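Numbering (the numbering used here), first residue to last: 51 to 410.
Where is the CB? At the ideal position from N, CA and C, for every residue including glycine.
Fair warning: this is a prediction, and the values are worked out from it, not measured in the lab.
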Amino acid sequence: MNNNKVIQWIRSDIRDLAAYHVPQAGDYIKLDAMENPFSWPDSLLDEWLSALRTTPINRYPDPQAQQLTSIIRQDMGVANNIDIVLGNGSDELIQLIITAVTQPGRVVLAPEPTFVMYKLITKLMGMTFQSVPLKDNYDLDEEAMLAAIEKYQPAVVFLAYPNNPTGNLFSDDAIHQILSRSPGLVVIDEAYHAFAKKSYLQQLENYDNLLILRTVSKMGLAGLRLGVLMGDPNWLKEINKVRLPYNINSLTQITASIALQHSDIFKSQTDEICVQRQVLFDALAKMNGIEAYSTQANFILFRLIAGNASGVFESLKSAGILIKNLHGSTPALQDCLRVTVGTASQNQAFLKAMTSIIHR
Ligand SMILES: *Cc1c(COP(=O)(O)O)cnc(C)c1O
Numbered sequence: 051m052n053n054n055k056v057i058q059w060i061r062s063d064i065r066d067l068a069a070y071h072v073p074q075a076g077d078y079i080k081l082d083a084m085e086n087p088f089s090w091p092d093s094l095l096d097e098w099l100s101a102l103r104t105t106p107i108n109r110y111p112d113p114q115a116q117q118l119t120s121i122i123r124q125d126m127g128v129a130n131n132i133d134i135v136l137g138n139g140s141d142e143l144i145q146l147i148i149t150a151v152t153q154p155g156r157v158v159l160a161p162e163p164t165f166v167m168y169k170l171i172t173k174l175m176g177m178t179f180q181s182v183p184l185k186d187n188y189d190l191d192e193e194a195m196l197a198a199i200e201k202y203q204p205a206v207v208f209l210a211y212p213n214n215p216t217g218n219l220f221s222d223d224a225i226h227q228i229l230s231r232s233p234g235l236v237v238i239d240e241a242y243h244a245f246a247k248k249s250y251l252q253q254l255e256n257y258d259n260l261l262i263l264r265t266v267s268k269m270g271l272a273g274l275r276l277g278v279l280m281g282d283p284n285w286l287k288e289i290n291k292v293r294l295p296y297n298i299n300s301l302t303q304i305t306a307s308i309a310l311q312h313s314d315i316f317k318s319q320t321d322e323i324c325v326q327r328q329v330l331f332d333a334l335a336k337m338n339g340i341e342a343y344s345t346q347a348n349f350i351l352f353r354l355i356a357g358n359a360s361g362v363f364e365s366l367k368s369a370g371i372l373i374k375n376l377h378g379s380t381p382a383l384q385d386c387l388r389v390t391v392g393t394a395s396q397n398q399a400f401l402k403a404m405t406s407i408i409h410r
């Protein structure tokens with residue numbers, strides 16, 4: 051095809067973007083995407099399948115997902131004066147928030163390194179993204195963040211809590227300062243809440259510019275695409291106008307409703323992942339030439355001897371194990387790889403491969 055029409059009509063900033071790359075899963079032991087490795091017990095599968103039988107798939111879904119929303123409200127302990135908007139993954143909610151504030155010249159701000167979607171979506175919307183480097187220990191540089199907030203007056207500040215891909219929780223003092231000094235919204239993205247036990251949900255009472263973002267993806271329902279945005283009704287009423295009416299499909303609504311009514315099952319799975327996280331961390335930290343960073347999420351960031359990361363990543367891949375190579379993405383992640391915590395046997399396979407790669 052002659053590319054001239056594409057060049058004529060597709061925005062040049064979009065043509066310049068690199069697409070978000072997701073590797074083919076293939077037959078790998080998949081420890082790259084923070085998925086829960088466990089399947090469902092038969093009793094839950096049976097309940098789910100019989101509910102699907104009576105789901106009216108010829109009808110449009112409930113546009114407000116009322117039943118699911120009330121189950122989420124109960125499960126997450128959301129106060130009645132807080133509103134909830136659901137998204138097709140929290141990725142979509144990030145897009146809705148940014149779309150609602152978009153104006154040329156306006157800024158979205160986040161620390162760096164962090165979740166790449168904040169930057170990607172900001173750019174897609176034609177806004178300016180500013181980042182502030184984290185400190186060497188990957189905590190927020192409070193002074194630099196506050197200076198950037200003062201300088202750029204960002205419409206939105208995104209803070210992933212715990213942060214992806216570093217795994218740590220930022221210090222409370224810095225977060226409270228950022229909340230107090232930000233002129234616009236501050237979104238605390240608690241995608242890894244199931245593994246972290248700490249949350250800013252209760253702080254919605256104290257800060258009227260705070261929004262909390264959660265997802266069911268990392269706790270075990272990544273295939274459903276369901277994110278949860280919580281905050282003051284005055285903000286959410288406007289953000290909800292940006293949402294397309296049927297963004298949460300019927301299968302997601304019924305499946306998540308059933309799953310979250312059995313949240314004890316997912317709680318014991320995520321608790322087991324936290325136990326395995328410690329085992330994996332201890333083993334990694336003992337290996338020669340590896341620095342493992344302490345984590346409150348279901349993944350571990352680790353640094354190899356300079357120049358080794360991509361080679362180790364490729365050798366793991368040849369051994370049938372897929373993790374995430376972060377080397378080359380940003381200076382702070384030089385020589386770094388990230389492994390998702392899997393089942394005990396997946397983790398052992400990973401550790402065994404690591405040991406033989408490092409010692410050869
Ligand atoms: C994985 C992740 C998300 C995306 O979650 P989805 O609900 O699957 O779209 C959002 N924020 C952070 C920090 C993540 O790591």
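Outcome for residue i when other beta-carbon atoms lying within 10 angstroms are tallied against a minimum of 16
{"i": "ALA107", "result": "At residue 107 the sequence reads Ile, which differs from the Ala that was named. Classification of ILE107: exposed, given that the 10 Å Cβ count is below 16."}
{"i": "TYR110", "result": "exposed"}
{"i": "GLU288", "result": "exposed"}
{"i": "ALA246", "result": "buried"}
{"i": "GLY392", "result": "buried"}
{"i": "ASP387", "result": "Strictly speaking, residue 387 in this sequence is Leu, with Asp absent from that position. So LEU387 ends up on the buried side."}
{"i": "THR492", "result": "Only positions 51 to 410 of the chain appear in the structure, and residue 492 is not among them; the question remains open."}
{"i": "HIS409", "result": "exposed"}
{"i": "SER221", "result": "exposed"}
{"i": "ILE60", "result": "exposed"}
{"i": "ALA241", "result": "buried"}
{"i": "SER318", "result": "exposed"}
{"i": "LYS336", "result": "exposed"}
{"i": "ARG327", "result": "buried"}
{"i": "ALA69", "result": "exposed"}
{"i": "ALA150", "result": "buried"}
{"i": "LEU261", "result": "buried"}
{"i": "ILE121", "result": "buried"}
{"i": "LEU95", "result": "exposed"}
{"i": "ILE57", "result": "exposed"}
{"i": "ARG239", "result": "In the sequence as displayed, the identity of residue 239 is Asp instead of Arg. By the 10 Å Cβ count, ASP239 comes out buried."}
{"i": "TYR356", "result": "The question names Tyr, but residue 356 in the sequence shown is Ala. Exposed, by the Cβ-count rule."}
{"i": "ALA210", "result": "buried"}
Under 9 Å between C-beta atoms of residue i and residue j
{"i": "GLU192", "j": "ALA224", "result": "yes"}
{"i": "ALA198", "j": "ARG156", "result": "no"}
{"i": "SER360", "j": "HIS377", "result": "yes"}
{"i": "PHE331", "j": "ALA342", "result": "yes"}
{"i": "ILE134", "j": "VAL236", "result": "no"}
{"i": "PHE316", "j": "ALA244", "result": "yes"}
{"i": "LEU67", "j": "LEU170", "result": "yes"}
{"i": "ARG159", "j": "TYR202", "result": "For the sequence presented, residue 159 should be read as Leu rather than Arg. Yes; because the gap between Cβ atoms is below 9 Å, this pair is in contact."}
{"i": "ASN358", "j": "GLY339", "result": "yes"}
{"i": "TYR47", "j": "LYS367", "result": "Coverage of the chain is limited to positions 51 through 410, which leaves residue 47 absent and any answer about it impossible."}
{"i": "ASN86", "j": "THR320", "result": "yes"}
{"i": "PRO113", "j": "PRO233", "result": "no"}
{"i": "MET167", "j": "ALA347", "result": "no"}
{"i": "LEU351", "j": "LEU383", "result": "yes"}
{"i": "LEU81", "j": "ILE323", "result": "no"}
{"i": "TYR250", "j": "THR216", "result": "no"}
{"i": "THR105", "j": "LEU301", "result": "yes"}
{"i": "ASN218", "j": "THR345", "result": "yes"}
{"i": "ASN33", "j": "PRO161", "result": "Nothing can be reported for residue 33, as the shown portion of the chain is limited to 51 through 410."}
{"i": "ILE298", "j": "LEU102", "result": "no"}
{"i": "SER379", "j": "PRO154", "result": "no"}
Opposing strand residues paired with residue i [DSSP bridges]
{"i": "THR380", "result": "Note: THR380 sits in no beta bridge, so no partner."}
{"i": "ARG264", "result": "VAL278"}
{"i": "ALA160", "result": "SER181"}
{"i": "GLY137", "result": "GLY277"}
{"i": "ASN375", "result": "LEU387"}
{"i": "ARG231", "result": "None; ARG231 has no bridge partner."}
{"i": "PHE352", "result": "ALA342, LEU387"}
{"i": "VAL206", "result": "VAL158, LEU235"}
{"i": "LYS80", "result": "LEU372"}
Closer than 9 Å to chain D by CB, residue i
{"i": "SER249", "result": "Of the protein chains in the structure, only one exists, and it is not chain D."}
For the segment 262 to 275 against the segment 293 to 306, do three or more pairs of beta-carbon atoms, one drawn from each stretch, fall closer than 8 Å, so that the two count as touching?
yes
Whose CB is closer than 5 Å to a heavy atom of ligand 3? List the residues in chain order.
Summarising the ligand content, the structure contains ligand 1 and does not contain ligand 3.
Specify whether the segment 136 to 151 and the segment 260 to 270 touch according to this definition: at least 3 beta carbon pairs, one from each stretch, less than 8 Å apart.
yes
Would you call the segment 118 to 133 and the segment 180 to 188 in contact, with 3 or more CB pairs under 8 Å?
Contact fails: fewer than three Cβ-Cβ distances are below 8 Å.
Please confirm if the segment 395 to 404 is in contact with the segment 90 to 108, defined as three or more CB-CB distances below 8 Å between the two stretches.
They do not touch, by the three-pair rule.
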